[in-house]
Amino acid sequence: MKKTILNSRLVRRPIVLSAILGITLFTSCSDELIESESSTLSETQTTLLTLVPRTDEPIIINDLTADEPQTTMSRASDAAGNDRGRFNISLKFLLPPTERQEEVFNDAAGRWERIIIGDVPSFTGIIPSSFEGFPPAVDGTLDDIVIEVALAPIDGPGGILGQAGPSFVRTDDFLTLSGVMFFDVDDLDFLESLDLFEDVIVHEMGHVLGVGTLWNTAPFGFDRTLLEGPVDNPYFSGRKANVFWNAEGGTGELPIEADGGPGTAFGHWDEATLNNELMTGFLNLGENPLSRITAGSMRDLGYRSASVGEQYDLPRGTPGVDLSTLEEDGTSEGLNIASMETLLQPIGFVASSKKK
1 MKKTILNSRL VRRPIVLSAI LGITLFTSCS DELIESESST LSETQTTLLT
51 LVPRTDEPII INDLTADEPQ TTMSRASDAA GNDRGRFNIS LKFLLPPTER
101 QEEVFNDAAG RWERIIIGDV PSFTGIIPSS FEGFPPAVDG TLDDIVIEVA
151 LAPIDGPGGI LGQAGPSFVR TDDFLTLSGV MFFDVDDLDF LESLDLFEDV
201 IVHEMGHVLG VGTLWNTAPF GFDRTLLEGP VDNPYFSGRK ANVFWNAEGG
251 TGELPIEADG GPGTAFGHWD EATLNNELMT GFLNLGENPL SRITAGSMRD
301 LGYRSASVGE QYDLPRGTPG VDLSTLEEDG TSEGLNIASM ETLLQPIGFV
351 ASSKKK
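Each residue of the sequence shown is one higher than the one before, counting from 1 in our numbering.
Next up, the structure:
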C-alpha cells in the first residue's frame, strides 16, 4: 500500500497566542521595592511576558563561530553533562525560580543528556529571546542548546499549563539551537501533588528538542519526513525508533496519536497503545518512563544518541498502526497533558558556518 504523507498544514499547528497568552502578567511583591520607592507607588511590580509571534517570515541568523568568541555559555545549571565532548542543555530562567523548580529542571535536562550524548558545533553570535522585550537568549558562544524558561501566571490553576518548542534551529541538521518552555506557575503545585512535576518538564523538554515539533520539516526546506500515514492512522517511520518499538513488544509501525486536536494529535506517541510511555499525550499516575523507543527517535531526528531507556513494559504483540483499529479504553487515571499544552514551531533559523 502506498504511503500517504500528512499534509504540512496538519503538521504545522496554528499558534493562537491571543487566546492562550494574550498579555500575561507576572506579579511579585518585594519589601525592598516598597522601602526604596515612594509610598505612592504600588506594592506590586508587573512584568509583561509575551512570546515573539510565529509568522511566515522567519528570522535568519548567521553563525559567527569562525570569528573571535565572546562569553561562553556552556551550561546554565549544575545538571549532569558538563561538556567533556557531550551534549549540553543550558537553561536560562527569565524569572528567578525556587530551589525546587530549578532542581526539577536540572534533573529533567539530565534525563535527556543521558540519551543525547553527541556534542554538536558551538554557536557564536546573538540569538534573540523568544520573549518580546527581553535580552538575547545567547550573546556569545553557546554549547550546545539553550532553553529559555519562564514560570509565570497564564490563566490560573487548571487551564493552560504552558507551551514549548524550538525557537531557532540550525540549517545544517534542522535541530534545535534555542527553545522555549513557558509554564503557568499556578499549576506547578498541582503537578507536585500528583508527583508529575518532573515528568511534565521532561515531556515538554522533549518537544523543545524536536519530538512532535521537528518530525516533518519539508515545509521549511529540510528533507526530513518521520510522520507518515493517513490522518486517522499516522505512524512514525524512523528506523531506530521502530527497532525499539518492535524490541519492546510492538508489532507493525510505531503509532502516533491521531486524536485530540492541535497540541495532541500528530505530536505524541499513541496513548491507547503505548500507555505510560512519557511522550504520549497523557501522563499516568505512577511511572512514565522515557523508553528506548523515544531514545531511538532522537537518533532518527539526527542526534547522536545512546540506545538507552528507562524501564518500560509494553505487552508483547501490541499492535501498531498497520493492524486492526486501535481501541481507546479510557480507563487510565492521570493527567491529559496534551490538552493543556501548545507545541511551538521555530521562529527562525541559524545558518551554520562551521561543520562538526
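Positions of the beta carbon are idealized from the N, C-alpha and C atoms, including for glycine.
Under the three-state reduction of DSSP, Gly162 is assigned to strand. Approximately 17 Å separates the beta-carbon atoms of His268 and Gly179; this is outside 8 Å, ruling out the contact. The three-state secondary structure of Ser305, taken from DSSP, is strand. If one requires a minimum length of 3 residues, no beta strand (DSSP E) run lies completely within the region 189 to 235. The Cβ atoms of Met298 and Ile117 do not sit closer than 7 Å to each other. Cβ neighbours of Phe197 within its own chain (closer than 6 Å, five residues either side excluded): Val104 and Leu191. When DSSP reads this structure, Glu341 sits in a beta bridge with Gly162.
Contact between the region 272 to 284 and the region 133 to 147 is absent, with fewer than three C-beta pairs closer than 8 Å. Only exposed fits Pro219, as fewer than 16 other CB atoms lie within 10 angstroms of its CB.
In this structure, Pro315 places its C-beta atom within 7 Å of the C-beta atom of Gly249.
Exclusion of the five residues before and after Arg304 leaves Gly118 as the residues of its chain whose Cβ lies within less than 6 Å of its Cβ.
Apart from the 5 residues on each side of it in sequence, Gln311 sits with its Cβ closer than 7 Å to the Cβ of Pro289 in its chain, given in chain order.
In the three-state scheme derived from DSSP, where H, G and I count as helix and E and B as strand, Arg114 is classed as coil. Cβ contact annotation for Phe244 (same chain, cutoff 6 Å, sequence separation greater than five): Arg292, Ile293 and Gly296, in chain order. Between the beta-carbon of Asp184 and that of Gly162 there is about 6 Å, and that keeps the pair under the 8 Å contact cut.
Only buried fits Val350, as 16 or more other CB atoms lie within 10 angstroms of its CB.
Ile201 is classed as buried because its beta carbon has at least 16 other beta carbons within 10 Å across all chains shown. Between Gly221 and Leu301, the C-beta spacing is not below 7 Å. About 6 Å separates the CB atoms of Met205 and Trp112; that is less than 8 Å, so the two are in contact.
Separation of Gly252 and Ala241 (C-alpha to C-alpha, rounded to the nearest whole angstrom) is 12 Å.
In summary, Ala109 is buried, with 16 or more beta-carbon neighbours lying within 10 Å of its beta-carbon over all protein chains present. Here DSSP, grouped into helix, strand and coil, assigns Met298 to helix. In terms of Cβ geometry, Glu132 and Val52 form a close pair [threshold 7 Å].
Between Gly281 and Gly260, the beta carbon gap of about 6 Å places them in contact (Cβ cut-off 8 Å).
Contact between Pro234 and Pro58 does not hold, since their C-beta atoms are separated by about 26 Å, which reaches or exceeds 8 Å. By the 16-neighbour rule on beta-carbons within 10 angstroms, Ile160 is buried. With fewer than 16 neighbouring CB atoms inside 10 Å of its own CB, Asp189 falls in the exposed class. When the Cα atoms are used, Asp199 and Phe87 turn out to be separated by approximately 21 Å. As computed with DSSP, Ser178 is found in a beta bridge with Val146 and Phe168. Distance between Thr171 and Asp139, taken at the CA atoms: about 19 Å.
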